[in-house]
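Protein chains: 2
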Amino acid sequence: MRKGLLVTEAAPRSPAAVRAKLTDVAALAGVSVGTASKALSGGGRMRPETRQRVLDAVEELGFRPNQLAQSLHTGRSWTVGLMTTDGIGRFSTPVLLGAEDALGAGKISVLLCDTRGDAIREQHHLRNLMERRVDGIIVTGRRTDPRGPLAGVDAVPIVYALSPSTDPADTSVVSDDRGGARLAMEHLLSTGRTRIAHLTGPEHHAAARDRARHAVEHLERASLGLATGRVHYGEWSEAWGRRAAEAVLRTAPDTDAFFCGNDQIARGAADALRERGVSVPGDIAVVGYDNWDTMALACRPPLTTIDMDLAEIGRIAALRLLEAIDSGPAPGVHTVPCRLVVRESS
Amino acid sequence: MRKGLLVTEAAPRSPAAVRAKLTDVAALAGVSVGTASKALSGGGRMRPETRQRVLDAVEELGFRPNQLAQSLHTGRSWTVGLMTTDGIGRFSTPVLLGAEDALGAGKISVLLCDTRGDAIREQHHLRNLMERRVDGIIVTGRRTDPRGPLAGVDAVPIVYALSPSTDPADTSVVSDDRGGARLAMEHLLSTGRTRIAHLTGPEHHAAARDRARHAVEHLERASLGLATGRVHYGEWSEAWGRRAAEAVLRTAPDTDAFFCGNDQIARGAADALRERGVSVPGDIAVVGYDNWDTMALACRPPLTTIDMDLAEIGRIAALRLLEAIDSGPAPGVHTVPCRLVVRESS
C-alpha cells in the first residue's frame, strides 16, 4: 500500500493515491483542526460560511472521515457480528443476507463469523467480536432446534435468528412452524383432500416434530386423522421421499394428498408417484416445505410449498437488534409468518 | 447496554457487567497507564516482574484490549471486506467461507457486503469499507465471466475470486475450467467412451463456452469429435438436461456418454435416459460439473462430476490478499485445479 498523495473522487484508482487527512481539510479551509472536526460532526458553534468552507474542502480533497476514530469517540463501532453455525448455508444464507440488508440501510457493517458448529471456534470468534467492540450480535444456524445462549458475552445485545435461544431472557426470531403447517392443511382441505399422509425428516429435529404435531392438530379440528394413522419420520432427502411414498401407497392406497416436511422429500414423493403412474395432482396432491427454488421448480410438476421467508427472519432479527442497541433488550420470541406458494402439484 | 461494573471471565453473562479499562489494569498492577500499555504491546523496557504484574491484572479483570484503539495506533484495521454480487449464494458461499476460514486463522475479521449485482449498492458498500479502513477486499460472484474492476478504491489491495477482473493489473483467483473439462474427457475416454455429447448452459456464459471449447480440444487431440457434431447450449436447468438428452438420442442414438456443463443438466439427462429405459452407465455414462451435493447425490444413479473446490478458491484468494497487504500486489490470474469425483453414473 503506497502512501503520500491525495486521492480525489475523480481519480479514484490512481495507484499512488492515498487518503486526505483531516489536517489537509483544515489547511485548505483555513481553519484549525478542531474547527474542521466540529464542522464535520455538526457540533459546536460556528458561522455557516466557515462550515461551508470545510465541507467544500472535504469535497475537493475527497476526504473520508475515519470510522475508527469516530467509533472511539462515540463508543459505538457501527458493526454487528453475524455468527452462523451453518457451513453449508442453504438456510442461514438468506437469513444473513436479510439481516445484512436491514443493517446496511442503517450504515452498520456486518462481521461474518462461521463457527462450523464448533464450540472452540465460537469462543474464538466471540472474543474477536468483543475486542472489536461490536454493537451487537446476530446468531443463526441451519436448525430450528433451540440452542444454548452464547457464553462469554459482556453486556452486548444478542438476537437469535431461526435457531432460538433456550434462555427465555434472550431475544429470538423464529419461523412460525405452526402457521406453516396450518397453511398447508387449510390448502389441502379447501381443495377437497381428506386422506392426507405426512412424510418428514428425523423425529429428533424440532422442525420435523413441530410441523407434524401442528398438522395433526389441524386435522383433528376438522375431525380427521392422518391417512396412515401415523407420521412417517425419516430423512430430509429425496430418497426417503420416494421410499416413504411407496410405503404410504401400500398401507393406505386411497391417500389423496402428501404433506411433506421439506421440498426434497416432496420431490422424491412426486417422482415415485409419477413412476408408478399415479397422477400428481389428479390422484394425489403433494405439498412441500421451504420453497427451495432448485427443488420446487425442478419437481415434476412444480411444487406447492410453504415459504418460511428466511430473509424476513434475518431482517426482523436485525431490526430487533437495532432496537436493543438503542433502548435495551426486549426478551422473548418473535415469530415470522410463512407464506403458501401454490404451484401445479396441488 | 449497561455500564459501570467490571466483567471477569468467570461471570461473563452478568447483565450488569461491563469491560475493564486499561486504567483499571494499571491501578490493580500499581503502574502507570503508559507502563501497562507498554507491557501489553510487548514494547518498552521494564522488569519482568512488572510485566507479569500487568498480565496478572489483565487476567484478574478479564481485560480485553480495544481493537479500535490498537487499529488507530497501528494503521491496520485487521478487517477485510468480502464483497459478493451473488444474492443466492450457491457459488459465492463456499468461496466466502473458504476465505473467512483462512483470514480468521490470521485474526482478521471479515466485513460482509452483498451488492446484489447493483452498482449503486456496490459503491455504497465500497465507501463504507474505505471509511472503516479495511486492509483489503475480496470480490466474488456467481459467474466465472470476467467483471470490471472495482471503481473508487483508494490504494487498498483487492483480490477477485471466481469472477476475475478484466484488468490484467489486478489479482484474480479462478477455477481451472480447462483442467475441469480435461478431467471429464480423460475419465470418459479412459473408460472406453468415444461418442460423447456435450450439454451445457447459455452460450453467453463463460463457464459454458470455456468448458465446451476445452472439451472439444481434448477430443480433437484423441482424433475424435462431439457425438452430435455440435455443443448443445441451453439453460443451467434439469428441464434443459431432459430436453437436450432427448434431442441427442434422436440425432445420434449411438452416443455412449454425456458430459454436462453442470449437475442440474446432468441430472435432467439421467432422468430422461432412465425414463426411456436407457441404462446409466450401462448404455450411456453421464458426467456433471460442480459436485453440488444436492444434485449429485440425489441423482439416480449418483453423479460422477467435477468439483471446482470453491472453498479452496476462497482460501487462495485470502492468502493472495494477505500477501498483497504485507508486500504489495502480485498482479495476474491464479487458477485453482478441479477434482474429478467418480460416482455410479460413469
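If you read the protein sequences in the order shown, they are chains R and Z. The numbering of the first sequence is the UniProt record's numbering, which starts it at 1 and goes up by one. The numbering of the second sequence is the UniProt record's numbering, which starts it at 1 and goes up by one. Glycine residues also receive a C-beta, built at the ideal position from the N, C-alpha and C atoms. Bear in mind that the values here come from a model prediction, so they are computed numbers and not experimental data.
Any chain R beta carbon closer than 8 Å to residue i
i       : result
V33(Z)  : no
D309(Z) : no
A181(Z) : no
N128(Z) : yes
K21(Z)  : no
S279(Z) : no
M1(Z)   : No answer about M1(Z) holds up, because its pLDDT of 35 lies below 50 and its placement is not dependable.
Rounded separation between residue i and residue j - CA only
i       : j       : result
P337(R) : M185(R) : 15 Å
S172(Z) : L319(R) : 36 Å
E60(Z)  : A197(R) : 60 Å
H204(Z) : L273(Z) : 27 Å
R132(Z) : V156(Z) : 12 Å
A11(R)  : M130(Z) : With a pLDDT of 36 at A11(R), under the threshold of 50, the predicted position of this residue should be treated as unreliable, though the coordinate-derived value follows. Roughly 15 Å between the two C-alpha positions.
R193(R) : G225(R) : 12 Å
E100(R) : L112(Z) : 8 Å
A169(Z) : H125(R) : 34 Å
V216(R) : I158(R) : 34 Å
V95(Z)  : A26(Z)  : 44 Å
Q123(R) : G141(R) : 16 Å
R195(R) : V341(Z) : 43 Å
E110(R) : D118(R) : Residue identity check: residue 110(R) is Val in the sequence provided, not Glu. Distance between the alpha carbons of V110(R) and D118(R) is about 21 Å.
R53(Z)  : D177(R) : 55 Å
R339(R) : A161(R) : 18 Å
V33(Z)  : D56(Z)  : 15 Å
R230(Z) : E275(Z) : 25 Å
L199(Z) : A317(R) : 43 Å
D309(R) : A247(R) : 32 Å
G261(R) : L188(Z) : 39 Å
R250(R) : P281(Z) : 31 Å
A257(Z) : S77(R)  : 57 Å
T145(R) : S223(Z) : It should be pointed out that residue 145(R) corresponds to Asp in this sequence rather than to Thr. Computed Cα separation, rounded: 57 Å.
R211(Z) : D167(Z) : 22 Å
D135(R) : S237(Z) : 43 Å
G179(R) : R209(R) : 14 Å
V333(R) : A206(R) : 16 Å
A252(R) : T228(R) : 6 Å
W240(R) : E323(R) : 43 Å
A330(Z) : A245(Z) : 44 Å
T79(R)  : G106(R) : 11 Å
Within-8 Å CB hit, residue i to chain Z
i              : result
residue 354(R) : No information on residue 354(R) is available, as it lies outside the stretch 1 to 346 that chain R covers here.
S37(R)         : no
L112(R)        : yes
L82(R)         : yes
A298(R)        : yes
R132(R)        : yes
R13(R)         : Low local confidence applies: a pLDDT of 36 at R13(R) is under 50, so the model's placement there is unreliable, with the coordinate-based value given in what follows. Cβ-Cβ to chain Z under 8 Å: yes for R13(R).
T294(R)        : yes
V54(R)         : no
Contact set between residue i and chain Z, taken where Cβ atoms lie within less than 9 Å
i      : result
G89(R) : G89, R90, T93, P94, L96, L97
Rounded distance between the beta-carbons of residue j and residue i, thought under 8 Å
i       : j       : result
A102(Z) : R242(Z) : At roughly 40 Å, the Cβ-Cβ gap does not stay under 8 Å, so A102(Z) and R242(Z) are not in contact.
T191(Z) : S346(Z) : 6 Å
S163(R) : R147(R) : 5 Å
V174(Z) : T335(Z) : 6 Å
I325(R) : G98(R)  : Not a contact, Cβ separation roughly 18 Å.
F63(R)  : A20(R)  : 4 Å
T93(Z)  : T93(R)  : 6 Å
Partners in chain Z for residue i, counting only beta-carbon separations shorter than 7 Å
i       : result
E238(R) : A298
Interface partners of residue i on chain R, CB under 7 Å
i       : result
S109(Z) : L111, N128, R132
Self-check item: Given 8 Å, three or more beta-carbon pairs between the segment 295-305 of chain Z and the segment 150-170 of chain Z
Solution: no
Exercise. Kindly confirm or deny that the segment 286-296 of chain Z and the segment 249-266 of chain Z touch, where touching means at least three C-beta pairs closer than 8 Å.
Key: yes
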